[in-house]
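So the mapping is simple: the working numbering equals the position in the sequence shown, first residue as 1, plus 1414.
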Amino acid sequence: MTYKEVYDLHEQLLLIYEKNRKSPSPYQREINHYKRQFYIAQDIVQRIYVMNQLIILHEKSRGEQIKWCPKEYFN
(Lines of atoms letter the chains of each structure in order from A and count residues from 1; the text may use other names and numbers.)
(Lines give C-alpha, C1' and ligand atoms only; values in the text may rest on other atoms or scores of the structure.)
Protein backbone atom coordinates (compact mmCIF):
# COMPACT_ATOMS: atom_id res chain seq x y z
CA MET A 1 0.00 0.00 0.00
CA THR A 2 1.46 3.35 -0.99
CA TYR A 3 1.44 6.53 1.07
CA LYS A 4 -1.08 7.99 -1.35
CA GLU A 5 -3.48 5.09 -0.78
CA VAL A 6 -3.11 5.37 3.00
CA TYR A 7 -3.68 9.11 2.76
CA ASP A 8 -6.84 8.60 0.69
CA LEU A 9 -8.23 6.04 3.15
CA HIS A 10 -7.57 8.34 6.11
CA GLU A 11 -9.19 11.21 4.25
CA GLN A 12 -12.33 9.18 3.51
CA LEU A 13 -12.66 8.09 7.13
CA LEU A 14 -12.21 11.61 8.47
CA LEU A 15 -14.80 12.97 6.04
CA ILE A 16 -17.30 10.40 7.30
CA TYR A 17 -16.56 11.27 10.94
CA GLU A 18 -16.97 14.99 10.25
CA LYS A 19 -20.17 14.47 8.27
CA ASN A 20 -21.81 12.31 10.96
CA ARG A 21 -20.79 14.38 13.98
CA LYS A 22 -23.88 15.93 15.51
CA SER A 23 -22.41 17.70 18.52
CA PRO A 24 -18.99 19.04 19.45
CA SER A 25 -16.54 16.41 20.57
CA PRO A 26 -15.14 16.50 24.11
CA TYR A 27 -11.79 16.46 22.30
CA GLN A 28 -12.62 19.46 20.12
CA ARG A 29 -9.63 21.45 21.34
CA GLU A 30 -7.21 18.68 20.38
CA ILE A 31 -9.02 18.15 17.07
CA ASN A 32 -8.62 21.84 16.24
CA HIS A 33 -4.92 21.64 17.15
CA TYR A 34 -4.31 18.72 14.79
CA LYS A 35 -6.32 20.38 12.02
CA ARG A 36 -3.96 23.37 12.25
CA GLN A 37 -0.98 21.00 12.25
CA PHE A 38 -2.30 19.38 9.10
CA TYR A 39 -1.97 22.63 7.16
CA ILE A 40 1.65 23.17 8.18
CA ALA A 41 2.71 19.55 7.59
CA GLN A 42 5.31 19.53 4.85
CA ASP A 43 5.03 16.07 3.35
CA ILE A 44 2.58 13.21 2.99
CA VAL A 45 4.06 11.18 5.87
CA GLN A 46 3.53 14.07 8.30
CA ARG A 47 0.00 14.57 7.02
CA ILE A 48 -0.80 10.87 7.45
CA TYR A 49 0.48 11.07 11.03
CA VAL A 50 -1.73 14.09 11.76
CA MET A 51 -4.74 12.44 10.14
CA ASN A 52 -4.11 9.33 12.23
CA GLN A 53 -4.13 11.46 15.40
CA LEU A 54 -7.45 12.97 14.31
CA ILE A 55 -8.91 9.51 13.73
CA ILE A 56 -7.78 8.41 17.20
CA LEU A 57 -9.53 11.42 18.76
CA HIS A 58 -12.73 10.72 16.83
CA GLU A 59 -12.59 7.07 17.92
CA LYS A 60 -12.18 8.12 21.57
CA SER A 61 -15.21 10.37 21.31
CA ARG A 62 -17.21 7.65 19.62
CA GLY A 63 -16.21 5.14 22.30
CA GLU A 64 -17.56 7.43 25.01
CA GLN A 65 -20.85 7.76 23.14
CA ILE A 66 -21.11 3.98 22.86
CA LYS A 67 -20.57 3.61 26.62
CA TRP A 68 -23.09 6.37 27.35
CA CYS A 69 -25.97 4.83 25.36
CA PRO A 70 -26.46 1.63 27.42
CA LYS A 71 -26.06 3.55 30.67
CA GLU A 72 -28.86 5.92 29.66
CA TYR A 73 -31.06 3.15 28.32
CA PHE A 74 -30.74 0.71 31.22
CA ASN A 75 -30.77 3.21 34.09
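Ideal placement from N, C-alpha and C gives every residue a C-beta, glycine not left out.
Separation of residue j from residue i, as counted between CA atoms
i	j	result
E1486	A1455	41 Å
E1478	V1459	29 Å
D1457	P1484	42 Å
K1378	I1480	For residue 1378 there is no data in the structure shown, the boundaries of the chain being 1415 and 1489.
Y1421	Q1467	13 Å
Q1426	T1416	16 Å
Contact check, residue i vs residue j, beta carbons under 8 Å
i	j	result
S1439	I1445	yes
H1424	I1469	yes
Q1474	Y1441	Checking the sequence shown, residue 1474 turns out to be Lys, not Gln. Cβ distance < 8 Å, so K1474 and Y1441 count as in contact.
Close beta carbons around residue i, own chain, < 6 Å, minus the five adjacent residues each side
i	result
V1464	Y1448, Q1451, F1452, A1455
Beta carbon proximity, residue i to chain C, threshold 8 Å
i	result
E1444	This model lacks chain C altogether; it includes just one protein chain.
Proximal residues to residue i (C-beta, below 7 Å), its chain only, five neighbours per side dropped
i	result
R1461	Y1421, F1452, A1455
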